[in-house]
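Asker: Before I ask anything, let me first share the structure, which is written out below as structure tokens.
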Amino acid sequence: MGYFLLENASMKRILLAVISIVAISIGSTQISLAQKSAQEYINTYKEQAVSAMEEFGVPASIILAVAMHESANGTSRVATYLNNHFGIKGPNHSKQIRSSYKGYTSVQESYDDFISYLKNRKQFQSLFTKYGPYEYQAWAYGIMKGGYAGSKSWAAHIVATIKKHQLFLLDKRPEGYEEPIAVKDKEEVVLAVEAKSYIVKKGDTLGVIAKRHHTTVRKIKNDNKLRSDRLKIGQRIKI
């Protein structure tokens with residue numbers, strides 16, 4: 001009986017080990033397939049994106065990243081049955097799926113319509129005159145603010161896709177151009193600065209502030225070049 005229980009326990013451990021290995025293998029395969037799918041999409045449609053950029057001024061990186069995001073790298077049902085790679089809504093005559101998304105006779109037609117969608121709507125027209133075909137971050141946030149997407153994180157996803165796959169290398173950039181700090185990064189810098197400073201409130205003294213932030217009165221005075229211990233309500237001081 002004891003031998004049977006021991007053998008049963010060993011079998012359970014082996015089975016769990018096998019399940020873990022299979023799960024890891026499946027997860028790795030899924031990631032690999034997703035990456036392959038993205039690169040295949042880029043290789044297939046980058047010429048269309050670059051051509052549209054050269055004719056209309058929309059960054060190729062934006063065109064590709066939006067298409068990749070909205071069509072799941074061309075694998076979504078809307079992309080498969082309607083040739084719709086940009087999530088634009090409209091009529092379709094598909095018998096395969098019922099959808100509110102617009103149908104196209106080809107993927108190229110979907111790409112052309114995306115450019116038309118931006119050019120023919122007032123809320124996006126200023127982007128064409130305000131930003132160059134390399135300022136993809138400004139385009140991403142401008143398109144989002146114009147109402148193209150409902151999610152507040154949409155532009156961040158587009159920018160992340162561009163950076164992950166280095167799509168900005170397809171853009172028409174001035175010689176010697178350097179990548180700017182991302183909008184999100186700028187916000188993080190502001191938050192970091194604010195986190196290292198303190199706004200004086202009613203009842204505050206240097207002693208109270210120093211104790212609260214685990215520092216000393218002398219250090220606060222030195223960092224802020226204070227000649228006295230007097231503080232004003234609303235005053236910002238470095239901590």
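When the letters of the sequence shown are read in order and numbered with full-length UniProt numbering, they come out as residues 1 to 239. Each residue gets a CB set at the ideal place from its N, CA and C atoms; glycine is no exception.
1) What first and last residue would you give for the beta strand (DSSP E) that runs through H119?
2) Need the endpoints of the beta strand (DSSP E) that S197 sits in, please.
3) State the start and end residues of the unbroken beta strand (DSSP E) segment that holds I88.
4) Buried or exposed: which applies to I62, given that a residue is buried once 16 or more other Cβ atoms fall within 10 Å of its Cβ?
5) With respect to the beta strand (DSSP E) encompassing K238, which residues constitute its N-terminal and C-terminal limits?
6) Using the C-alpha atoms, what's the distance from F56 back to G176?
7) Do you know offhand how far E178's Cα is from V217's?
8) Please report the distance separating the alpha-carbon of L170 from that of S153.
9) Do A79 and H165 have their C-beta atoms closer together than 9 Å?
10) Let's test the definition: count the other Cβ atoms within 10 Å of the Cβ of H214 and tell me whether it reaches 16, buried, or not, exposed.
11) In angstroms, rounded to a whole number, what distance separates the CA positions of V107 and N83?
12) For G207 and Q235, what's the separation of their Cα atoms in angstroms?
13) Could you check how far apart the C-beta atoms of residue 242 and I97 are, in whole angstroms? I think they sit under 8 Å.
14) Please report the residue range of the alpha helix (DSSP H) in which I158 lies.
15) Given G142, which residues of its chain have a CB within under 6 Å of its CB, disregarding the five upstream and five downstream residues?
16) Measuring alpha carbon to alpha carbon, tell me which of Y111, H85, N92, L226 ends up nearest A58.
17) Quick one: give me the first and last residue of the alpha helix (DSSP H) that N224 is part of.
18) Which of the three DSSP states is assigned to Y148 in this structure?
19) Nearest to K225 by CA position, among E109, I237, E47, is which residue?
20) What residues in its chain sit with their C-beta under 6 Å from that of G74, if we drop five residues either side in the sequence?
21) Using a 10 Å radius around the Cβ and a threshold of 16 neighbouring Cβ atoms, would you call I199 buried or exposed?
22) By alpha-carbon positions, which one of Y101, S94, G146, E135 ends up nearest to K163?
23) Taking the beta carbon of G147 as the centre, do at least 16 other beta carbons fall within 10 Å, making it buried, or is it exposed?
Answerer: By the coordinates alone:
1) As a working note, residue 119 is residue 119 in the sequence shown. Note that residue 119 corresponds to Lys in the displayed sequence, not to His. No beta strand (DSSP E) contains K119, which is instead part of the alpha helix (DSSP H) from 107 to 119.
2) Against the sequence shown, residue 197 aligns to sequence position 197. Run containing S197: 197 to 199, per the beta strand (DSSP E) assignment.
3) Locating residue 88 in the sequence shown gives position 88, where the first residue counts as 1. Note, I88: premise wrong, no beta strand (DSSP E); not H, not E.
4) Mapped onto the sequence shown, residue 62 falls at position 62. So I62 counts as buried.
5) Here residue 238 corresponds to residue number 238 of the sequence shown, with the count starting at 1. Where K238 is concerned, the enclosing beta strand (DSSP E) stretches over 236 to 238.
6) Counting from one through the sequence shown, the residue named residue 176 turns up at place 176. Counting from one through the sequence shown, the residue named residue 56 turns up at place 56. Looking at the two C-alpha atoms, the distance is approximately 23 Å.
7) By 1-based counting over the sequence shown, the position of residue 178 is 178. By 1-based counting over the sequence shown, the position of residue 217 is 217. Those two C-alpha atoms are separated by around 42 Å.
8) Numbered from 1 along the sequence shown, position 170 holds the residue referred to as residue 170. Numbered from 1 along the sequence shown, position 153 holds the residue referred to as residue 153. Looking at the two C-alpha atoms, the distance is approximately 24 Å.
9) Looking up residue 79 in the sequence shown gives position 79. Looking up residue 165 in the sequence shown gives position 165. In this structure, H165 does not lie closer than 9 Å to A79 by Cβ.
10) As a first step, residue 214 is located in the sequence shown; it is residue number 214 there, counting from the start. Under this definition H214 is an exposed residue.
11) On the sequence shown, residue 107 is found 107 positions in, with the first residue counted as 1. On the sequence shown, residue 83 is found 83 positions in, with the first residue counted as 1. Answer to the nearest angstrom: the Cα atoms are 5 Å apart.
12) The count along the sequence shown starts at 1 and reaches residue 207 at position 207. The count along the sequence shown starts at 1 and reaches residue 235 at position 235. So the two alpha carbons sit approximately 16 Å from each other.
13) With the chain represented from 1 up to 239, any question about residue 242 goes unanswered, as that position is not in the structure.
14) One-based indexing of the sequence shown puts residue 158 at position 158. Looking at the DSSP string, the run of the alpha helix (DSSP H) that includes I158 is 154 to 164.
15) Within the sequence shown, residue 142 is the residue found at index 142, counting from 1. Excluding positions up to five away in sequence, the list reads L127.
16) Translated into the one-based positions of the sequence shown, residue 58 becomes position 58. Looking at the sequence shown, residue 58 is not Ala but Val. The option with the nearest alpha carbon to V58 is Y111.
17) As a working note, residue 224 is residue 224 in the sequence shown. Taken as a continuous stretch (DSSP letters only), the alpha helix (DSSP H) holding N224 covers 217 to 224.
18) To locate residue 148, count along the sequence shown from 1; it is residue 148. Here Y148 sits in coil by DSSP.
19) The sequence position of residue 225 within the sequence shown is 225, counting from 1. The shortest Cα separation from K225 among E109, I237, E47 belongs to I237.
20) Taking the first residue of the sequence shown as position 1, residue 74 is located at position 74. Around G74: Y41.
21) Indexing the sequence shown from 1 puts residue 199 at position 199. So I199 counts as exposed.
22) The residue labelled residue 163 in the question sits at position 163 within the sequence shown. For K163, the nearest C-alpha among the options comes from E135.
23) Here residue 147 refers to the residue found at position 147 when the sequence shown is read from its first residue. Exposed: under 16 other Cβ atoms inside 10 Å.
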